[in-house]
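Novice:
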Amino acid sequence: MTTTLAVVDNAELTRIGIREIISASDKIRLIGEFACLEEVDGFFQTTTVNVLILGNTLAYSKLIQDITRLGQQFPDLKVLLLAHSFSVEQIEELSNLGVLGFVCKDEQLADTLLFAIRPVARGELFISPCVASVLLKANQNHEDNPLNLRQMQVVRYMGHYLSPQEIAMKMGVTASSIYSLQHRIRQVLGVKTTGQILIEAMKRGWIEQEG
Numbered sequence: 028m029t030t031t032l033a034v035v036d037n038a039e040l041t042r043i044g045i046r047e048i049i050s051a052s053d054k055i056r057l058i059g060e061f062a063c064l065e066e067v068d069g070f071f072q073t074t075t076v077n078v079l080i081l082g083n084t085l086a087y088s089k090l091i092q093d094i095t096r097l098g099q100q101f102p103d104l105k106v107l108l109l110a111h112s113f114s115v116e117q118i119e120e121l122s123n124l125g126v127l128g129f130v131c132k133d134e135q136l137a138d139t140l141l142f143a144i145r146p147v148a149r150g151e152l153f154i155s156p157c158v159a160s161v162l163l164k165a166n167q168n169h170e171d172n173p174l175n176l177r178q179m180q181v182v183r184y185m186g187h188y189l190s191p192q193e194i195a196m197k198m199g200v201t202a203s204s205i206y207s208l209q210h211r212i213r214q215v216l217g218v219k220t221t222g223q224i225l226i227e228a229m230k231r232g233w234i235e236q237e238g
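For the record, in the sequence shown the residue sitting at position 32 is 59 according to the numbering used here, with numbers rising by one throughout.
(1) Which value, in whole angstroms, describes the spacing of the CA atoms of residue 226 and residue 78?
(2) Apart from the five residues on each side of it in sequence, which residues of its chain come closer than 7 Å, Cβ to Cβ, to residue 202?
(3) According to the Cβ coordinates, are residue 129 and residue 94 closer than 7 Å?
(4) Would you mind stating whether residue 144 and residue 55 have Cβ atoms separated by less than 7 Å?
(5) Three-state secondary structure (DSSP) at residue 40?
(6) For residue 195, which three-state DSSP category applies?
(7) Report the CB separation of residue 141 from residue 234 in whole angstroms; it is logged as a contact under 8 Å.
(8) DSSP three-state call for residue 125: helix, strand or coil?
(9) When you compare only the Cα positions, how much space is there between residue 178 and residue 40?
(10) What residues in its chain sit with their C-beta under 8 Å from that of residue 58, if we drop five residues either side in the sequence?
(11) What does the alpha-carbon distance come out to for the pair residue 158 and residue 72?
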């Protein structure tokens with residue numbers, strides 16, 4: 028199945044670079060490039076876009092407004108943010124608003140973007156190694172791990188961005204068992220979404236990110 032992609036970034040060199048990266052994949056099709064978000068509303072209404080790569084060059088308050096509006100108008104659209112940096116507070120707030128991808132512009136995008144689009148397209152959180160390091164530095168020195176070995180196994184597979192079906196195959200169980208385990212993990216960690224499991228796990232240093 029082909030994933031359709033649109034890019035919004037006011038830097039032409041960034042758009043050109045993303046175009047070249049995407050051209051290497053036969054499963055992702057870039058169907059729109061825009062300098063600003065205001066250009067794309069009509070396009071989204073007439074064209075099916077699975078994933079939007081949004082270069083964060085806006086004031087943060089404006090970004091929050093735009094993300095909120097996109098979620099209301101196009102609830103099936105998956106958003107991947109591309110920025111120079113993210114704070115822990117921004118990652119948590121934006122993920123709560125439905126942003127699924129967090130990638131820093133100074134990373135090796137050729138290695139990161141294609142890998143990121145896959146989980147984002149299926150509606151799962153992706154946090155790049157650079158962004159994960161920000162979360163790890165914010166570690167609150169949690170000494171006790173409240174998860175059991177089986178739950179931790181699921182979390183570590185999630186850290187490799189495997190789907191529930193892929194995790195089920197690795198663990199020799201059904202996908203419904205993985206969903207049940209993820210539900211229990213959310214309860215134990217006190218988080219609301221599956222994506223927030225990853226954020227919490229990275230903050231606690233449970234998932235090692237390869238840079």
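Even glycine gets a Cβ: it sits at the ideal position worked out from N, Cα and C.
Specialist: With the given structure in hand:
(1) 21 Å
(2) 191, 192 and 195
(3) no
(4) yes
(5) helix
(6) helix
(7) Rounded, the Cβ-Cβ distance is 20 Å, inconsistent with contact.
(8) coil
(9) 43 Å
(10) 31, 32, 33, 74 and 76
(11) 32 Å
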